[in-house]
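Residue numbers (the working numbering): 48 to 216.
Ideal Cβ placement from N, Cα and C applies to all residues, glycine included.
These numbers were taken from a predicted model, which means no experiment stands behind them.
First up is the structure itself, then whatever we jot down about it.
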């Protein structure tokens with residue numbers, strides 16, 4: 048029973064980690080992850096910081112693609128993270144990559160109808176430029192259409208397997 052629950056826990060952690068990386072979901076802490084005690088699976092909740100907004104809007108930006116603490120590594124023992132966790136992450140990332148066009152088509156809705164977070168984020172950028180007395184032209188609604196396209200492009204690059212250093216820098 049323990050081994051079965053442990054495998055489900057690790058596999059669900061792998062799937063959640065891949066999903067949060069690809070979609071840029073941040074603000075991951077213990078209050079945003081539930082555990083189904085009967086199945087041993089993790090359930091992510093509160094996706095307010097998606098598409099990388101946590102690296103722009105939070106007081107302390109998140110720069111890690113996903114959380115892997117010593118405690119989570121301990122769950123993977125005795126084999127460690129290079130066993131079931133790694134193979135599950137590879138499997139889930141490969142699945143995302145194989146279905147990438149379908150996922151990008153679904154994300155296209157954010158280009159046509161940008162999320163409120165992106166509108167707010169653009170407002171923060173606009174205010175920051177005012178504070179700096181920037182000589183750049185003022186931000187207009189045209190920028191609002193460009194911003195979601197940039198966010199979806201980052202997702203596309205993650206799906207295609209671009210180096211995370213070049214994406215998250």
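Per the DSSP calculation, residue i is bridged to which residue(s)?
| i | result |
| --- | --- |
| residue 91 | 80 |
What separation, rounded to the nearest whole angstrom, lies between the Cα atoms of residue i and residue j?
| i | j | result |
| --- | --- | --- |
| residue 135 | residue 53 | 13 Å |
| residue 138 | residue 89 | 17 Å |
| residue 197 | residue 157 | 11 Å |
| residue 124 | residue 209 | 30 Å |
| residue 195 | residue 205 | 16 Å |
| residue 215 | residue 65 | 15 Å |
| residue 113 | residue 48 | 28 Å |
| residue 76 | residue 202 | 22 Å |
| residue 58 | residue 159 | 34 Å |
| residue 118 | residue 153 | 35 Å |
| residue 143 | residue 211 | 16 Å |
| residue 74 | residue 85 | 26 Å |
| residue 116 | residue 213 | 24 Å |
How would you call residue i, buried or exposed, if buried means at least 16 neighbouring beta carbons within 10 angstroms?
| i | result |
| --- | --- |
| residue 69 | buried |
| residue 51 | exposed |
| residue 67 | buried |
Can you round the beta-carbon distance between residue i and residue j to whole angstroms, since I take them to be within the 8 Å contact cut?
| i | j | result |
| --- | --- | --- |
| residue 151 | residue 199 | 7 Å |
| residue 55 | residue 87 | 4 Å |
| residue 126 | residue 120 | In fact, because the Cβ distance is near 11 Å, the residues do not count as touching under 8 Å. |
| residue 62 | residue 132 | Not a contact, Cβ separation roughly 11 Å. |
TODO: Mind the definition here: the stretch 75 to 82 touches the stretch 136 to 148 only if three or more C-beta pairs lie below 8 Å; say whether that holds.
DONE: no
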